[in-house]
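Chains as they are written, first to last, in our numbering: chain A, 199 to 420; chain B, -17 to 450; chain C, 973 to 1187. Where is the CB? At the ideal position from N, CA and C, for every residue including glycine. Here is the structure we will look at.
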Amino acid sequence: MSNLNDSEPPQKPLAPGLSDADLIASHEKASGKQPDEQGRFNLVPLALLFSFSALIMWSGSYMGRFSGHFDPKIFDENALPSKGVEVVAAIDPLVLGKKQYIAACVACHLPDGKGIAGVNPPLAGAEWVLGSEERLVRIVVHGLKGPIQVLGNNYNGAMPVFGRVAGSGYNWSDDKIAAVLTYIRQEWGNAAAPISTELVAAIRAKEGNRKEWTAEELLALP
Amino acid sequence: MSTATTEVSAIDTHARVPVLLLLGFGLVWLLVSGVLALMASVQLHTPGFMAGYAWLTYGRTQALQETAFVYGWLGNAGLGLGLWILARLAGSSLRAGNWIIVGGIFWNAGVALSLAGIMAGDMTGHALFQLPSYAQPLLFLAVGAMSVSGVLAWSDRRSEGTYAAQWYVFAALFFFPWILSVAYVSLLASPLRGVLQSIAAGWYAQNLLTLWLAPLALGAAYYVVPKITGRVLPVYQFAGLGFWTLILVGSWTGGRHLIGGPVPAWVPSLAIASASLLVLHYLLVLLNLRGVFGGGGTSMKLLAFGLIAYVGGGLADAVLSIRSISVITHFTYFAQAQQQLALYGAFSVMIFGALYYAVPRLAGRALTSATLAGGHAILIMAGVVLLVVSLGAAGWSQGHALLDPKISYPEIAAATRPWLLGASAAQALLLLGNLMLGVNFALTLSSSLLASTAPVYAPPAKLAASVS
Amino acid sequence: MKNGPLFFLGLFASLTFSFAGVVLFANAQLGGLTPYYDDAEGKSFPERMPGVAERGQLVYRDLGCVSCHTQQVRRPGFGADQARGWGERQSVARDFIHQPNPQVGAMRIGPDLTNLAGRKPSALDAEDLMKLLYAGQGAMPAHAFLFETVKVSGQVPAKALKLTGNLAPASGMAVVPSERAQVLVAYLLSLNTVYDYPESRPFVKAAKKTEGGIK
């Protein structure tokens, strides 16, 4: 029966259609698992072997270079994991110090560092701020009580205890104290050297817990 | 019994109702998704289109068309053809046909429910996994029911050896319920934390393509090509290597869509390395199926186009996923072009090719209109090329513009607009072509049903005459 | 592949292998990610978004905003994200740990939204966002269905949008955002990654000596 006007345009007569059973059988034979008529097995052609190896090498070296060694903290493919040292976010002392100043110091010493006349001493241009680091750190860490003369004026107030010592209401870390002191020494026209965390820590270790300083005690220090 | 007449198998009479039902459902969803895709495409260059309706806002039409296309069209057609192929290669009639029918009804109820749910706003937010959580158990059960036939076809097969098409289809039947349930648990039932959801969703989306759709399409191609050419595949001894490379390596390539993203660098790097390794699979498939270029007929033309799209797309993926290129193409229409090349150009067209082989044999008569068939093939091929080129060009210009901070968003929109109009034109072509297929299919079925005696399709005369 | 059970086992092993390698391994690394406690600030980051914003994220999800917008900033040097003002640093995994439904996104048909509320010099405020949602702009469609046009009886509602020109409603009417619009805008206003985690700081190729070698 002829079906010349059917949907399939007459197919090129390449060969008789394979039956399903033939399909499976002929391909089983072709898969090389059985030896062919001459008893030979099919070997992997060299071209295939080469391309496979080349692809594996490429992929492997890509992984070696760009995987960050599977470290979950590496988000940049060019980065490599740091050896040993725990990466800590570097704190910019001026940014931190300013934040701390605004959080705690601004109420008494005012945003412009001028203090309140007769009540709270100024920080801008003050000799206590620009001068000895030993004295300045102690004031903030342990607090100050009693009369003190700043820029020729007398004040009699109470500077709270900020450091991590007994009786402290703030318990600021050495980092924070170093930062805020660095900030006040560089703000409002002040230009003095920054204070390091190590110095604060050393002073705190040396003095331990003690009551608030007085001006005389501080002046006795170098 | 001559070899030519066995090309039309007695199995087909039993397989007729279940498989044609699935194919019919699939074609309905193909048309629905075509309309939705056209709508979504128009909304990209004409944002005011349908903007007044919450249920058709672009985010939802995009999810709708994707779901209808993948789960509605590709799912139905791929599973239908796959089960038919397994039955034929098993050498015995299609078993558990009723399970397929019930499963098919549940599957399509699930898809319909998903679409309604997405319109109502219950989409999950993950690409290619937008099915609302309440619809997923339906799909899971449905595919389980349909797989009974496949499992029986494998276990009760006549010959001990198996052919590549069987491996692919069986693998697809196995993988889908697993990846669906794993994704359901990791993303919906007990969601992973933070960006792990993106990683798991990427794994699922990639495996949907690599472990479900690609095996279904390749299984169909591996079956139809030697059946039509009548020749053994040239490098069949490496078909197994090609198969396992796809399965083992392909499922690691999901992280490509997270390049530069908030995930550890090894996730995309691993995917890029795997995509390169996967080139071997594409080369082996090309070498094996190259007989498709010699043949004639609508089936072979479509399979040839699908093969080029599949292999070309895969090779392109390996190259384009490299960071220096993806810095331009990521987040742009270019990624959409790549996906359309795979989903439409490769899988869908290969399934069309297999469909043109299967439907005459299942319906028992040739397709009613050769013109409609030829027209469909031309429109699909032209449409896919236009779509991929338009979206690719849009994405390329968008990508370059995004890299230049001085170019503002309105300028980018103006530059991509002509290409997006081209993409909409392509969607219109595709829809028209699919309408032709739908009409042809309906006419064929109705005349098959109206035939007085059980018709048996006879293969083209020239083929019969060449039997020795 | 003659042996059915062996084939089946091979398929299962392949799937398990890829799932374990990609998802489970990533989960082992990132699943237990905790917020980062900053000594200086005295609190942990990221901060949880307010409840209204979490509801807004659900609206963001169900409208499919993720189909056009991303919420991931790429590292400096990879794309122009920083130059476009979308963020000062790369988005990292820790930014998403408190989000039940991260909408990371894969298309930039519209701009990236990670730091929408933190854009410099001036971010959009609630009024701008409401107007943008109501009228659309450029490629962004109008979402007028998120709003209701009500009759003004007496005072104009406090939440009414200030619309002019041809967007303005008829006289005696006012456009009021629905609850969905309000929570969506609350969510959009919460989009701001404020903290710089150690892992998000850009990698600078230091002197060769300090770089770790491949072991």
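Within this structure, are the beta carbons of residue i and residue j separated by less than 8 Å?
i: Trp160 (chain B); j: Leu987 (chain C); result: yes
i: Pro1074 (chain C); j: Ser75 (chain B); result: no
i: Gly16 (chain B); j: Leu412 (chain B); result: yes
i: Leu260 (chain B); j: Tyr315 (chain B); result: no
i: Leu4 (chain B); j: Thr49 (chain B); result: no
i: Leu321 (chain A); j: Ile382 (chain A); result: yes
i: Thr1086 (chain C); j: Thr1165 (chain C); result: yes
i: Ser42 (chain B); j: Met128 (chain B); result: In the sequence as presented, Ser is not what sits at residue 42 (chain B); that position holds Arg. Not in contact: Arg42 (chain B) and Met128 (chain B) (Cβ atoms no closer than 8 Å).
i: Ala1095 (chain C); j: Pro387 (chain B); result: no
i: Pro1048 (chain C); j: Pro1174 (chain C); result: yes
Give the residues of chain A in contact with residue i, contact being defined as C-beta atoms less than 7 Å apart.
i: Phe1175 (chain C); result: Asp274, Asn276, Ala277
i: Gln1001 (chain C); result: Pro270
i: Ile362 (chain B); result: None at all; the shortest Cβ gap to chain A is about 16 Å.
i: Val207 (chain B); result: Ordered by position in chain A, no residue passes the 7 Å Cβ test against Val207 (chain B), which lies about 10 Å from the chain.
Which residues in chain A have a C-beta closer than 9 Å to the C-beta of residue i? List them in chain order.
i: Val261 (chain B); result: Ser249, Leu253
Strictly below 9 Å CB to CB, what residues from chain C border residue i?
i: Asp386 (chain B); result: Ala1052, Ala1055
Helix, strand or coil, according to DSSP, for residue i in the structure here?
i: Asp290 (chain A); result: coil
i: Phe980 (chain C); result: helix
i: Tyr260 (chain A); result: helix
i: Pro1149 (chain C); result: strand
i: Lys1123 (chain C); result: strand
i: Gly406 (chain A); result: coil
i: Pro246 (chain B); result: coil
i: Lys343 (chain A); result: strand
i: Ala98 (chain B); result: helix
i: Lys227 (chain A); result: helix
i: Trp136 (chain B); result: helix
i: Lys1015 (chain C); result: strand
i: Val348 (chain A); result: strand
i: Met1112 (chain C); result: strand
i: Val285 (chain A); result: Low per-residue confidence applies at Val285 (chain A): pLDDT is 49, beneath 50, and the placement is therefore not dependable enough to give any value.
i: Trp81 (chain B); result: helix
i: Asp1010 (chain C); result: strand
i: Tyr186 (chain B); result: helix
i: Gly329 (chain A); result: coil
i: Trp386 (chain A); result: coil
Taking C-beta pairs closer than 7 Å, name the residues in chain B that residue i reaches, listed in chain order.
i: Phe1039 (chain C); result: Reading off the sequence, residue 1039 (chain C) comes out as Ser, not Phe. Correct list: Tyr40, Gly41, Gln44.
i: Ala998 (chain C); result: Leu178, Ile181, Val249
Cβ closer than 8 Å: which chain C residues qualify as neighbours of residue i?
i: Lys271 (chain A); result: Pro1170, Glu1171
i: Ser168 (chain B); result: Val995
i: Thr314 (chain B); result: Met1079, Arg1080
i: Phe157 (chain B); result: Leu983, Leu987
Mind listing the chain A neighbours of residue i? Cutoff is C-beta to C-beta under 8 Å, in chain order.
i: Arg1047 (chain C); result: Phe273, Asp274
i: Ser256 (chain B); result: Ser257
Which bits of chain B does residue i rub up against, with CB to CB less than 8 Å?
i: Ile222 (chain A); result: Leu71, Ser141, Gly143, Thr144, Tyr145
i: Leu244 (chain A); result: Correct list: empty, because the minimum Cβ distance to chain B is about 13 Å.
i: Phe1017 (chain C); result: Within 8 Å Cβ-Cβ: nothing; Phe1017 (chain C) doesn't reach chain B, min ~14 Å.
Interface residues of chain C around residue i at Cβ under 7 Å?
i: Gly107 (chain B); result: Arg1033, Val1038, Asn1073, Gln1075
i: Val164 (chain B); result: Phe991
Inter-stretch contact at 8 Å, needing at least 3 Cβ pairs: the stretch 129 to 136 of chain B / the stretch 200 to 219 of chain B: no
Sufficient close CB pairs (3 or more, under 8 Å) joining the stretch 366 to 383 of chain A to the stretch 295 to 313 of chain A: yes
Residues of the stretch 170 to 184 of chain B whose Cβ lies closer than 8 Å to any Cβ of chain A, in chain order: none
Meets three-Cβ-pair contact criterion under 8 Å: the stretch 395 to 413 of chain B and the stretch 23 to 32 of chain B: yes
Residues in the stretch 218 to 252 of chain B having any Cβ partner in chain A nearer than 8 Å: Tyr218, Gln219, Phe220, Ala221, Gly222, Pro244, Val245, Pro246, Ala247, Trp248, Pro250, Ser251, Leu252
Cβ contact (3+ pairs, closer than 8 Å) linking the stretch 1026 to 1033 of chain C and the stretch 1129 to 1145 of chain C: no
Inter-stretch contact at 8 Å, needing at least 3 Cβ pairs: the stretch 1104 to 1111 of chain C / the stretch 312 to 327 of chain A: no
Three-pair Cβ contact test at 8 Å for the stretch 152 to 171 of chain B versus the stretch 183 to 190 of chain B: yes
Sufficient close CB pairs (3 or more, under 8 Å) joining the stretch 242 to 261 of chain B to the stretch 216 to 225 of chain B: no
Contact list for the stretch 1101 to 1135 of chain C against chain B, Cβ threshold 9 Å: Gly1108, Gln1109, Gly1110, Ala1111, Met1112, Pro1113, Ala1114, His1115, Ala1116, Phe1117, Leu1118
Under 9 Å (Cβ pairs) to chain A, residues found in the stretch 1056 to 1085 of chain C: Gln1062, Ser1063, Val1064, Ala1065
Residues from the stretch 1149 to 1162 of chain C in contact with chain B, defined by Cβ distance under 7 Å: none
The stretch 1086 to 1099 of chain C touching the stretch 1160 to 1175 of chain C, judged by at least three CB pairs closer than 8 Å: yes
At least three beta-carbon pairs within less than 8 Å, the stretch 80 to 100 of chain B to the stretch 56 to 64 of chain B: yes
Cβ contact check for the stretch 363 to 373 of chain A and the stretch -6 to 8 of chain B: 3 or more pairs under 8 Å: no
The stretch 112 to 139 of chain B: positions lying closer than 8 Å to chain C by Cβ: Trp136, Ser137
Near-chain A residues of the stretch 293 to 317 of chain B (beta-carbon distance less than 8 Å), N- to C-terminal order: Arg305
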